[in-house]
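Chains as they are written, first to last, in my numbering: chain A, 11 to 374; chain B, 11 to 374. Heads up, the thing below is written out as structure tokens.
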DNA sequence: CTGAAAGCGCTAACAA
DNA sequence: TTGTTAGCGCTTTCAG
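Now the structure itself:
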């Protein structure tokens with residue numbers, strides 16, 4: 011489809027040149043073996059343990075000695091071998107942020123970005139690292155399960171956007187500390203998790219909508235096998251009370267396209283539609299497009315509210331009234347719970363529910 | 011700002027209970043020590059080496075014995091200790107996908123998603139794993155440098171979206187194999203990279219625009235310290251030839267907001283504007299919004315083309331004519347080059363330039 | 001085909 | 001404060 015165009019100073023088709031020995035690693039005259047702690051110790055004229063102390067904070071080492079060691083480290087270009095350290099310590103210093111989602115969508119959801127940033131920042135404070143991994147399909151999930159349970163990381167934070175029973179099942183029987191971001195359907199009591207109160211949030215935004223609009227209100231939901239999809243629908247139902255019309259419910263899958271399609275169906279069934287609760291901003295963007303294509307003005311003819319306060323919310327015309335989720339706080343709490351688990355405290359599963367807040371814009 | 015709302019079955023504020031011993035790891039009667047390869051060997055009644063062979067493919071092991079070993083593995087719930095394996099093997103089986111970008115933006119760019127997915131898939135084929143890491147600011151970058159050079163990964167793929175000299179500098183002097191995605195300004199000759207031909211792509215799309223539109227054509231560029239920002243402007247200039255108007259150039263930063271702002275400035279200076287090349291779809295989305303706010307119809311009054319074919323391209327009304335980049339192929343090539351480096355082949359830096367293709371939609 | 005043994009590079013406990 | 005010494009759990013020769 012797309013093809014290699016030009017190549018500067020290279021010969022990509024000829025498997026770029028010059029082998030220089032596949033295994034100079036441990037051959038004879040150490041043609042630049044990576045220096046070890048012993049090399050440093052020897053050069054600095056100290057014991058191995060002393061070097062270890064220095065590279066681990068330098069406590070209990072005479073300043074002069076520390077100085078010498080650091081010098082040796084610099085001249086040798088030494089850096090620790092992480093694998094060796096992990097083995098000796100029994101921990102890795104990294105935790106995984108697992109996103110069980112097709113990468114396409116993953117990178118469209120700003121919530122993930124905020125999660126990632128928050129985790130990353132907090133972990134760095136304690137000298138650890140965040141690894142982000144994804145699992146879009148079952149195969150990836152298996153591979154991921156291997157990865158996680160095999161000791162690559164000290165713990166995991168799981169952002170599940172759909173049912174993930176296989177992975178959860180597997181992790182549950184492993185020794186890996188982990189906490190779920192979002193309510194894990196079917197594992198609510200067994201696992202630790204932190205989630206937003208989808209039901210309440212949906213109730214809030216739909217109540218707002220219902221207060222501004224007379225006439226028929228419909229909804230495009232998320233997937234009904236997910237806890238978020240389900241609860242947002244519940245919240246909508248509760249907010250609407252008698253005005254709730256089961257015939258004005260369309261099920262989406264969080265995608266823009268499904269939002270558009272949902273509204274087309276709704277409009278066909280109920281041309282009198284005046285208000286719309288769409289369970290995600292991305293779907294809402296599709297919904298607005300469909301509305302406009304059908305000649306409806308937003309919000310004059312039909313008012314719409316979204317959910318998530320994602321980038322799509324302000325990308326659309328008019329900008330969406332929506333709910334903003336406490337992502338950062340979720341991240342912090344999740345990490346705290348995880349650290350408790352990592353610290354070896356055996357504790358009952360912890361469940362946290364956080365509130366979202368209404369963001370008023372111009373789509374209502 | 012947002013607050014803990016409710017808590018089910020948990021006591022988050024009291025640092026959730028019950029310590030059960032911080033160090034039962036190696037204490038006395040192995041209160042469930044993680045089983046090792048020796049445990050398996052003993053149970054299966056074979057030597058340690060045999061178990062190792064089995065868990066590494068089982069070649070050169072009698073089927074019966076293999077059977078026995080696998081059984082022992084199952085009953086013990088054994089899984090390899092990755093750190094030990096890494097140490098023994100001298101490699102980790104994972105490669106990093108480094109994105110030097112604020113996470114906000116990161117997760118808005120679908121290109122990253124496609125990169126990630128492609129890497130992930132390919133690596134899995136060879137039994138390896140992809141780790142995604144980000145570096146938004148200098149501090150993170152340092153931390154990341156530590157991480158990468160310390161032996162956590164076998165190699166790295168770097169998606170740089172702005173000048174990254176410090177990180178590149180540092181990596182360059184390390185022993186870590188890596189290749190850059192996108193042209194690394196200032197390191198063009200020293201490092202291996204694969205990039206799209208921004209100049210040519212911009213030329214293509216702007217030529218298309220110029221062919222459809224009479225009158226003034228302006229542009230909102232990317233950041234001019236990035237190679238993409240620069241080259242897209244170059245391509246635009248070349249395509250426009252005499253029609254290029256230096257006064258109709260606004261510099262953006264890839265963000266939606268900057269696209270909007272750029273167009274506002276342009277419109278103020280040149281109300282006669284008839285065509286617009288915006289160097290990214292996200293900015294183009296902002297541009298379209300600004301245009302509409304100013305009462306201009308797209309494309310009737312002013313035609314606009316974007317770049318990237320990102321999600322924003324179809325989220326906007328009208329859908330954007332834009333350039334689609336050969337992300338997947340870039341990923342594949344990048345990985346291939348990286349693997350050559352990892353394999354220990356010492357080779358001159360490799361540079362690949364790939365072509366983008368025009369996607370016609372309705373914004374022109 | 002299989003067992004034994006020698007590391008991989010580092011940490012941490014223990015003496016000194 | 002320091003050096004020494006056991007491991008950490010696995011892979012990989014090397015005999016057999």
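The C-beta atom is built at its ideal place from N, Cα and C for all residues, glycine as well. All values reported here derive from a predicted model rather than from experimental measurement.
Within chain A, partners of residue i - CB distance below 7 Å
{"i": "residue 92 of chain B", "result": "160, 161 and 162"}
{"i": "residue 322 of chain B", "result": "325"}
{"i": "residue 155 of chain B", "result": "Result: empty, since nearest Cβ-Cβ is about 10 Å, beyond 7 Å."}
Any C-beta of chain A under 9 Å from that of residue i
{"i": "residue 58 of chain B", "result": "no"}
{"i": "residue 126 of chain B", "result": "yes"}
{"i": "residue 237 of chain B", "result": "no"}
{"i": "residue 104 of chain B", "result": "yes"}
{"i": "residue 368 of chain B", "result": "no"}
{"i": "residue 245 of chain B", "result": "no"}
{"i": "residue 12 of chain B", "result": "In this prediction, residue 12 of chain B has a pLDDT of 30, which is less than 50 and means its spatial position is unreliable; what the coordinates show is noted afterwards. By this cut-off, residue 12 of chain B is an interface position."}
{"i": "residue 307 of chain B", "result": "no"}
{"i": "residue 371 of chain B", "result": "no"}
{"i": "residue 232 of chain B", "result": "no"}
{"i": "residue 262 of chain B", "result": "no"}
{"i": "residue 146 of chain B", "result": "yes"}
DSSP-derived helix/strand/coil call for residue i
{"i": "residue 360 of chain A", "result": "coil"}
{"i": "residue 139 of chain A", "result": "strand"}
{"i": "residue 310 of chain B", "result": "coil"}
{"i": "residue 288 of chain B", "result": "strand"}
{"i": "residue 318 of chain A", "result": "strand"}
{"i": "residue 6 of chain B", "result": "The requested residue 6 of chain B is not part of the displayed model; chain B covers only 11 to 374."}
{"i": "residue 93 of chain A", "result": "helix"}
{"i": "residue 226 of chain A", "result": "coil"}
{"i": "residue 167 of chain B", "result": "strand"}
{"i": "residue 60 of chain B", "result": "helix"}
{"i": "residue 334 of chain A", "result": "strand"}
{"i": "residue 195 of chain A", "result": "coil"}
{"i": "residue 354 of chain A", "result": "coil"}
{"i": "residue 111 of chain A", "result": "coil"}
{"i": "residue 153 of chain B", "result": "helix"}
{"i": "residue 366 of chain A", "result": "coil"}
{"i": "residue 188 of chain A", "result": "strand"}
{"i": "residue 128 of chain B", "result": "helix"}
Residue i, buried or exposed, once every other Cβ within 10 Å from all chains shown has been counted against 16
{"i": "residue 182 of chain B", "result": "exposed"}
{"i": "residue 144 of chain A", "result": "buried"}
{"i": "residue 372 of chain A", "result": "exposed"}
{"i": "residue 303 of chain B", "result": "exposed"}
{"i": "residue 66 of chain B", "result": "exposed"}
{"i": "residue 98 of chain B", "result": "exposed"}
{"i": "residue 192 of chain B", "result": "buried"}
Interface partners of residue i on chain B, CB under 7 Å
{"i": "residue 97 of chain A", "result": "93, 94 and 97"}
{"i": "residue 89 of chain A", "result": "159 and 160"}
Listed by chain order, chain B residues near residue i by CB distance under 9 Å
{"i": "residue 143 of chain A", "result": "130, 139, 140, 141 and 142"}
{"i": "residue 248 of chain A", "result": "Within 9 Å Cβ-Cβ: nothing; residue 248 of chain A doesn't reach chain B, min ~16 Å."}
9 Å Cβ cutoff, residue i in contact with chain B
{"i": "residue 345 of chain A", "result": "no"}
{"i": "residue 209 of chain A", "result": "no"}
{"i": "residue 46 of chain A", "result": "no"}
{"i": "residue 299 of chain A", "result": "yes"}
{"i": "residue 242 of chain A", "result": "no"}
{"i": "residue 196 of chain A", "result": "no"}
Cross-chain neighbours of residue i in chain A, by beta carbon under 9 Å
{"i": "residue 266 of chain B", "result": "321, 324 and 325"}
Under 8 Å by beta carbon: chain B residues contacting residue i
{"i": "residue 295 of chain A", "result": "325"}
{"i": "residue 134 of chain A", "result": "149, 150 and 153"}
{"i": "residue 302 of chain A", "result": "327"}
Chain A contact residues for residue i, given Cβ-Cβ distances below 8 Å
{"i": "residue 185 of chain B", "result": "44"}
{"i": "residue 316 of chain B", "result": "What residue 316 of chain B touches in chain A: nothing, since even the nearest Cβ is about 13 Å away."}
Checklist entry - Between the stretch 353-371 of chain A and the stretch 349-361 of chain B, do at least 3 Cβ pairs fall closer than 8 Å? => result no
Checklist entry - Are the stretch 286-306 of chain A and the stretch 259-269 of chain A touching by the rule of at least three beta carbon pairs closer than 8 Å? => result yes
Checklist entry - Between the stretch 215-234 of chain A and the stretch 242-261 of chain A, do at least 3 Cβ pairs fall closer than 8 Å? => result yes
Next on the checklist: Taking 8 Å as the cut-off, does the stretch 42-55 of chain A touch the stretch 71-88 of chain A (at least 3 CB pairs, one atom from each stretch)?
Outcome noted: yes
Checklist entry - Okay, do the stretch 193-204 of chain B and the stretch 125-140 of chain B touch, 3+ Cβ pairs below 8 Å being the bar? => result no
Checklist entry - Within the chosen definition, does the stretch 123-131 of chain A reach the stretch 125-134 of chain B through at least 3 CB pairs nearer than 8 Å? => result no
Next on the checklist: When you compare the stretch 162-171 of chain B with the stretch 102-109 of chain B, are there three or more beta-carbon pairs, one atom per stretch, that lie closer than 8 Å?
Outcome noted: yes
Checklist entry - So does the stretch 248-264 of chain B actually touch the stretch 302-316 of chain B, counting three or more Cβ pairs closer than 8 Å? => result no
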